[in-house]
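**Q**
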Amino acid sequence: MDETAPVTTEFSTFRDLLPDGGVLLALDIGTKTIGTAFCDAGWRFATAGKTLPRGKFAKDKAVLAELAKSRGVAGLVIGLPLNMDGSEGPRAQASRAYARNLATLNVPVLLWDERWSTSSAERDMIGQEVSRRKRAERIDSHAAAVILQAAIDALAGGIF
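Shown next as structure tokens:
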């Protein structure tokens, strides 16, 4: 049986699990796609990765495990889709379940509030004059980068 790593919403707990930093992989989990983003080992900047088609969990996990292995990922940051009032609905519960299942990759998992990440990513892409078609293809990965940048800003600077 696979070992499991901790899953937390507390950035300080997550940071303590990674005392030397390390590359992080962020995921924006949608119903049809999974947006990915990576940060450098020093937690300075996040970069959008690929947008992956979402399928059966075993296949998704294998693809994500390979991505994590190839980049030497030390931890995962997964967007937690909270309601605007901060409560959790069915989508947040599904993200928590997905995170628990990915914890078998044996790297710590941080669930990070993703409210406004997609709209922020879209605003940025519009500002860069990315076409509507290309925005649709890349929005989830750009949202993952927004999620990851917010998380690493907190982790590196302890702003929360």
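Each residue of the sequence shown is one higher than the one before, counting from 5 in this note's numbering.
Where a beta carbon is used, it is the ideal one built from N, C-alpha and C, also for glycine.
(1) State the Cα-Cα distance for the pair residue 89 and residue 64, rounded to the nearest angstrom.
(2) What number of angstroms, rounded off, separates the C-alpha of residue 113 from the C-alpha of residue 132?
(3) Using 10 angstroms around the beta-carbon of residue 135, count the other beta-carbons present and answer buried if the total reaches 16, otherwise exposed.
(4) Tell me where the beta strand (DSSP E) around residue 42 begins and ends.
(5) Near residue 145, which residues of its chain fall below 7 Å by C-beta distance, leaving aside the five closest residues on each side in sequence?
(6) Going by CA-CA distance only, name the one from 31, 118 and 92 that's closest to residue 1.
(7) Residue 104 to residue 97, Cα distance in whole Å?
(8) Where are the beta strand (DSSP E) runs, 3 residues long or more, that stay fully inside the stretch 12-85, in chain order?
(9) Could you have a look at residue 111 and say whether DSSP puts it in helix, strand or coil?
(10) Quick check on DSSP: helix, strand or coil for residue 144?
(11) Mapping the DSSP letters down to three states, classify residue 5 as helix, strand or coil.
(12) Taking DSSP's pairing of strands, which residues face residue 89 in a bridge?
(13) Less than 9 Å separating the beta-carbons of residue 147 and residue 83?
**A** Well, looking at it:
(1) Rounded to the nearest whole angstrom, the C-alpha separation of residue 89 and residue 64 is 31 Å.
(2) Distance between the alpha carbons of residue 113 and residue 132: 31 Å.
(3) By the C-beta density criterion, residue 135 is exposed, having fewer than 16 other C-beta atoms within 10 angstroms.
(4) First-last of the beta strand (DSSP E) with residue 42: 37-43.
(5) Taken in chain order, the residues that qualify are 39, 40, 41, 52, 53, 54 and 55.
(6) An answer regarding residue 1 cannot be provided, because it is not within the stretch 5 to 164 covered by the chain.
(7) Using only the alpha carbons, I get a separation of about 11 Å.
(8) Those beta strand (DSSP E) runs which fall completely within the stretch 12-85 and span 3+ residues are 28-33, 37-43, 50-57 and 79-84.
(9) Coil at residue 111, not helix or strand.
(10) Three-state result, residue 144: helix.
(11) At residue 5, the pLDDT of 41 sits below 50, so the modelled position is not reliable and the matter cannot be decided from this model.
(12) Paired residues: none, contrary to the question.
(13) Here residue 147 is near residue 83, since their CB atoms are less than 9 Å apart.
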